[in-house]
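So the structure is just underneath, and the comments pick up after that.
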Amino acid sequence: MNPQANLIFMISLLLGTTITISSNHWIMAWTGLEINTLAILPLISKSHHPRAIEAATKYFLTQSAASALVLFSSMTNAWHTGQWDITQLTHPTSSLILTSAIAMKLGLVPFHFWFPEVLQGSPLTTGLLLSTIMKLPPIALLYMTSHSLNPTLLTTLAILSTALGGWMGLNQTQIRKVLAFSSISHLGWMAIIIVYNPKLTLLNFYLYAMMTATIFLTLNTIKVLKLSTLMTAWTKIPSLNAMLLLTLLSLAGLPPLTGFLPKWLIIQELTKQDMAPAATLISLLSLLSLFFYLRLAYCTTITLPPHTTNHMKQWRTNKSTSTMIAILTTMSVMLLPISPMILTIV
1 MNPQANLIFM ISLLLGTTIT ISSNHWIMAW TGLEINTLAI LPLISKSHHP RAIEAATKYF
61 LTQSAASALV LFSSMTNAWH TGQWDITQLT HPTSSLILTS AIAMKLGLVP FHFWFPEVLQ
121 GSPLTTGLLL STIMKLPPIA LLYMTSHSLN PTLLTTLAIL STALGGWMGL NQTQIRKVLA
181 FSSISHLGWM AIIIVYNPKL TLLNFYLYAM MTATIFLTLN TIKVLKLSTL MTAWTKIPSL
241 NAMLLLTLLS LAGLPPLTGF LPKWLIIQEL TKQDMAPAAT LISLLSLLSL FFYLRLAYCT
301 TITLPPHTTN HMKQWRTNKS TSTMIAILTT MSVMLLPISP MILTIV
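As numbered in the UniProt record's numbering, the sequence shown has no gaps in its residue numbers, which increase by one up to the final residue, 346.
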């Protein structure tokens, strides 16, 4: 893609995100979401592969439907209360429609079907944007309206998302689809706590975005898209593969890595809110996603391919790992000891 065009699309993405997260009026928030959608479409379809075009079409249709629902929800609220302010979403029907719209934007179950397909049809760098920065505006809208959302509905969506995200990721061989189901599972953790402690949702999102960015950038460096190629990629940059193993385990939420922090705090908060059964259920369901993270980790560093004659070994590359990946990897693995400081900042 033309570098100037690429720059324009990236600036538009940042502009759309900034407009949505800093707006008070529903129309401005909707405008930001639309700018975001239109800016990411060329980045999804830039390879001109039929699967990329299909992914862009699916993304456009679902996001258009979700944006229409956001407008419908805000207009219904304005009709009943006379308020266009985002924080004044008090009408129950409006909050129900908004929850559905945001669930569709994020890819929460049962509106999740588009997300793995779109991620599979996108390049790794665009997949990184779809999994991180594109999720920020909808989560910001949930954050601003969290006091008037329906806790039962969100808890149901969250538990279903964690269950299906873990269950459907078990049988995948394409790494982008595994990361899509991992994203759906993590969104379940964010959705369950948004009503009770919205700041925890944001903390979870920031840490998730950091760990996912590390994994996508690492995979982009070693040029891996499938489990079978991941098995032979360890000869390229062995040290980076070893850190990818730790980042995957961190994303799974194993102590003493960074990813354990949000899960620990969410379980603690749910227990305080007398929701111990929900906390137990969501913790058990996250074991499903732990399985496919372990499988990825196993393929990354521990397994040698069984048929060495069929698998060509990759040449060791002498190029140094980028500073960005080094910083992100370190943060993705080692932030748990400074968690008291993180909590005071958040």
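Quick reminder that beta carbons are idealized off the backbone N, C-alpha and C, glycines included.
The structure displayed is predicted, hence computed values, not measured ones.
Would you list the one or two residues that DSSP bridges to residue i?
i: residue 25; result: 85
i: residue 348; result: What the structure shows of the chain is the stretch from 1 to 346, and residue 348 is not part of that stretch, so it cannot be assessed.
Would you decide whether residue i is buried or exposed? Buried here means 16 or more other CB atoms lie within 10 Å of its CB.
i: residue 272; result: exposed
i: residue 277; result: exposed
i: residue 25; result: exposed
i: residue 37; result: buried
i: residue 152; result: exposed
i: residue 275; result: buried
i: residue 392; result: Outside the displayed span of the chain (1 to 346) sits residue 392, for which this structure offers no information.
i: residue 315; result: exposed
i: residue 138; result: buried
i: residue 87; result: exposed
i: residue 3; result: exposed
i: residue 185; result: buried
i: residue 346; result: exposed
i: residue 51; result: exposed
i: residue 262; result: buried
i: residue 237; result: buried
i: residue 5; result: exposed
i: residue 194; result: buried
i: residue 327; result: exposed
i: residue 211; result: buried
i: residue 367; result: In the structure as shown, the chain begins at 1 and stops at 346. Residue 367 is therefore absent and cannot be evaluated.
i: residue 221; result: buried
i: residue 268; result: exposed
i: residue 92; result: exposed
i: residue 302; result: exposed
i: residue 175; result: buried
i: residue 325; result: buried
Specify, as a first and last residue, the run of the alpha helix (DSSP H) that residue i falls within.
i: residue 118; result: 114-121
i: residue 332; result: 323-334
i: residue 249; result: 238-252
i: residue 268; result: 260-272
i: residue 104; result: 92-106
i: residue 295; result: 276-297
i: residue 340; result: 339-345
Counting only beta-carbon separations shorter than 8 Å, does residue i have a partner in chain D?
i: residue 106; result: The chain inventory of the structure shown lacks chain D, comprising one protein chain alone.
| said: When you compare the stretch 153-161 with the stretch 109-120, are there three or more beta-carbon pairs, one atom per stretch, that lie closer than 8 Å? | reply: The stretch 153-161 makes contact with the stretch 109-120; the number of CB pairs closer than 8 Å reaches 3 or more.
| said: With three or more C-beta pairs closer than 8 Å as the rule, is the stretch 278-297 touching the stretch 232-242? | reply: Contact between the stretch 232-242 and the stretch 278-297 is absent: fewer than 3 CB-CB pairs across the two stretches fall below 8 Å.
| Should the stretch 74-83 be called in touch with the stretch 136-145, which here means at least 3 C-beta pairs below 8 Å? | These segments do not touch.
| query | Are at least three pairs of beta-carbons, each pair with one atom in the stretch 205-212 and one in the stretch 252-259, less than 8 Å apart? | reply | Touching, yes, given that three or more Cβ pairs across the two stretches are closer than 8 Å.
| query | Can you list, in chain order, the stretches of the alpha helix (DSSP H) that have 4 or more residues and sit fully within the stretch 123-166? | reply | Restricted to the stretch 123-166, the alpha helix (DSSP H) segments that are unbroken, complete and at least 4 residues in length are 124-131 and 136-144, listed in chain order.
| field | the stretch 165-176 in contact with the stretch 195-205 per 3-pair CB rule at 8 Å | value | A contact is defined here as three or more CB-CB pairs under 8 Å, and the stretch 165-176 fails this definition with respect to the stretch 195-205.
| Stretch pair the stretch 98-105 + the stretch 67-75: three plus CB contacts closer than 8 Å | With a cut-off of 8 Å, the stretch 67-75 and the stretch 98-105 count as touching, because enough Cβ pairs lie within range.
| message | If contact is defined by three or more beta carbon pairs under 8 Å, each pair taking one atom from either stretch, is the stretch 38-49 in contact with the stretch 115-126? | response | Taking a contact to require three or more Cβ pairs closer than 8 Å, the stretch 115-126 and the stretch 38-49 qualify as touching.
| task | Spell out a yes or no on whether the stretch 217-229 and the stretch 123-134 are touching, meaning 3 or more CB-CB pairs, one atom from each, closer than 8 Å. | result | The stretch 217-229 and the stretch 123-134 touch, with no fewer than 3 CB-CB distances between them shorter than 8 Å.
| For the stretch 332-343 against the stretch 228-235, are there 3 or more C-beta pairs whose distance is under 8 Å? | Contact annotation: the stretch 332-343 does not touch the stretch 228-235, with fewer than three C-beta pairs closer than 8 Å.
| Can you list the alpha helix (DSSP H) stretches of 4 or more residues lying completely in the stretch 29-71, in chain order? | For the stretch 29-71, not a single whole alpha helix (DSSP H) run of length 4 or above is found.
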